[in-house]
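First residue of the sequence shown? That's 1099 in this note's numbering, and the numbers climb one at a time after it.
Positions of the beta carbon are idealized from the N, C-alpha and C atoms, including for glycine.
As the structure is a computational prediction, the values presented were derived from the model and not from experiment.
Here the structure is laid out as structure tokens; the discussion comes afterwards.
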Amino acid sequence: MGLVQDQAMDVEASDYPATAGPAVHDLPSLDQAVTECRACPRLVRWREETALAKRASFRDCTYWARPVPGYGPGGARIAIVGLAPAAHGGNRTGRIFTGDRSGDWLYAAMDRVGLANQPTSVSINDGLRLIDTRVMAAVRCAPPANKPTPEERDRCAPWMARELGLLPGLRVIVVLGQFGWNALWPVLAGMSYVIPRPRPRFGHGAQVLVEHPDRGLLQVLGCYHVSQQNTFTGVLTETMLDSVLRTARELAAGLDAGAGTSEQAH
Ligand code: SF4
């Protein structure tokens, strides 16, 4: 992904994700369209106010202050879905889970299990390459207190739906936390996956297999979020996170035994 701020044309219409999402046909176009979105006034205000106020340790940084697109190769068989960009992480650097403690945890684990080429993620120019995996957020703008409203979640959902739809080899989705879990099921239903009823409950290690009439089987895995609230307290350990990501790799290979690993920059 390149930073596209220079070409961005801001769009404030509340239905912009719902109209623009289905109209794009490749990931670079999607990433461009996402970065132009201003459909949620509260989140637009917050992402921009945060960028002006800054954190003392980042006072010399120019913040991205826009929606943060997903990251990873279009041939990915695995998607990882988080909550939203961090105010001083993705909202600063322009890449998801980049420049904050949550990202340190996630990408270090991905490196350990062979889903990234390096354990660190500090800036868009740091050389990070994801392997067979696309990382994205359910809500693409940094929210106050890390809490988007249900309306903001639903308004942003078409971006995630389109992104998942543009991953033709997708076999496994790892969902980090309850918020992303709740956001994902309506998206999958809207994509014509057959969803169990009642809707599956979130839990660390939860596994749900769903099917699409054309795209085939998709395994959804639950994982506690890599937030500091969980990692500092031991709710989520490195061993637990590695285990879920290893399972994702194995399931992706099992569901798609004929496909090779995709490794490319995007
Ligand atoms: Fe647009 Fe999503 Fe950001 Fe709302 S949260 S402004 S829908 S990108």
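#### Entry: Residues sharing a beta bridge with residue 1232, DSSP
For the purposes of this step, residue 1232 is identified with residue 134 of the sequence shown, where counting begins at 1. According to DSSP, which records beta bridges pairwise, residue 1232 is partnered with 1177.
### Message
Can you check whether the C-beta of residue 1129 is within less than 7 Å of a C-beta belonging to chain B?
### Response
The chain inventory of the structure shown lacks chain B, comprising one protein chain alone.
### Message
Considering only heavy atoms of the ligand SF4, does any lie closer than 6 Å to the CB of residue 1181?
### Response
What you label residue 1181 is simply residue 83 of the sequence shown in a count that begins at 1. Residue side-chain check: residue 1181 keeps its Cβ at 6 Å or more from all non-hydrogen atoms of the ligand SF4.
#### Entry: For residue 1274 and residue 1237, believed in contact at Cβ under 8 Å, the rounded distance
The sequence position of residue 1237 within the sequence shown is 139, counting from 1. The sequence position of residue 1274 within the sequence shown is 176, counting from 1. The pair is not a contact, with the Cβ atoms about 13 Å apart (cut-off 8 Å).
### Query
Would the C-beta of residue 1135 count as close to the ligand SF4, meaning under 6 Å from any of its heavy atoms?
The residue you call residue 1135 lines up with position 37 of the sequence shown. Yes - the ligand SF4 has a heavy atom lying nearer than 6 Å to the Cβ of residue 1135.
### Span of the alpha helix (DSSP H), counted from its first residue to its last, around residue 1216
Residue 1216 sits at position 118 when you count from the first residue of the sequence shown. That residue, residue 1216, is in no alpha helix (DSSP H); it is neither H nor E in DSSP.
### Task
Determine the extent of the beta strand (DSSP E) in which residue 1272 is found, giving its start and end residues.
Along the sequence shown, read from residue 1 onward, the residue named residue 1272 stands at position 174. Where residue 1272 is concerned, the enclosing beta strand (DSSP E) stretches over 1270-1274.
### Query
Between residue 1151 and residue 1141, what straight-line distance do the alpha-carbon atoms span, to the nearest angstrom?
The residue labelled residue 1151 in the question sits at position 53 within the sequence shown. The residue labelled residue 1141 in the question sits at position 43 within the sequence shown. Spanning the two alpha carbons is a distance of roughly 15 Å.
### Query
Just the Cα atoms here: how many angstroms apart are residue 1262 and residue 1155?
Position 164 of the sequence shown holds residue 1262. Position 57 of the sequence shown holds residue 1155. Whole-angstrom Cα-Cα distance: 35 Å.
### Query
Whose C-beta lies closer than 6 Å to the C-beta of residue 1110 among residues of the same chain, with five residues either side of it excluded?
To locate residue 1110, count along the sequence shown from 1; it is residue 12. Apart from sequence neighbours up to five positions away, the residues of its chain that approach residue 1110 with a beta-carbon distance below 6 Å are 1136, ordered along the chain.
### Query
Going along the chain, which residues of its own chain have a beta-carbon closer than 6 Å to the beta-carbon of residue 1125, five neighbours each way excluded?
Sequence index remark: in the sequence shown, residue 1125 carries index 27 (1-based). Excluding positions up to five away in sequence, the list reads 1172 and 1264.
### C-beta atoms of residue 1199 and residue 1305 nearer than 7 Å
Here residue 1199 refers to the residue found at position 101 when the sequence shown is read from its first residue. Here residue 1305 refers to the residue found at position 207 when the sequence shown is read from its first residue. It is not a contact, given that the beta carbons lie outside the stated cut-off.
### Query
When the Cα of residue 1323 is compared with those of 1131, 1340 and 1211, which residue comes out closest?
Translated into positions along the sequence shown, residue 1323 becomes position 225. The shortest Cα separation from residue 1323 among 1131, 1340 and 1211 belongs to 1340.
### Query
Under a three-way DSSP split, which group does residue 1161 fall into?
Along the sequence shown, read from residue 1 onward, the residue named residue 1161 stands at position 63. Three-state result, residue 1161: coil.
### Message
Quick check on residue 1142: does DSSP put it in helix, strand or coil?
### Response
Indexing the sequence shown from 1 puts residue 1142 at position 44. Helix at residue 1142.
### Task
Measure the alpha-carbon distance for residue 1101 versus residue 1247 and round it to whole angstroms.
The residue you call residue 1101 lines up with position 3 of the sequence shown. The residue you call residue 1247 lines up with position 149 of the sequence shown. Caution applies to residue 1101, whose pLDDT of 47 falls short of 50 and renders its modelled position unreliable; the value that the coordinates give is listed next. Approximately 27 Å, taken between the alpha carbons.
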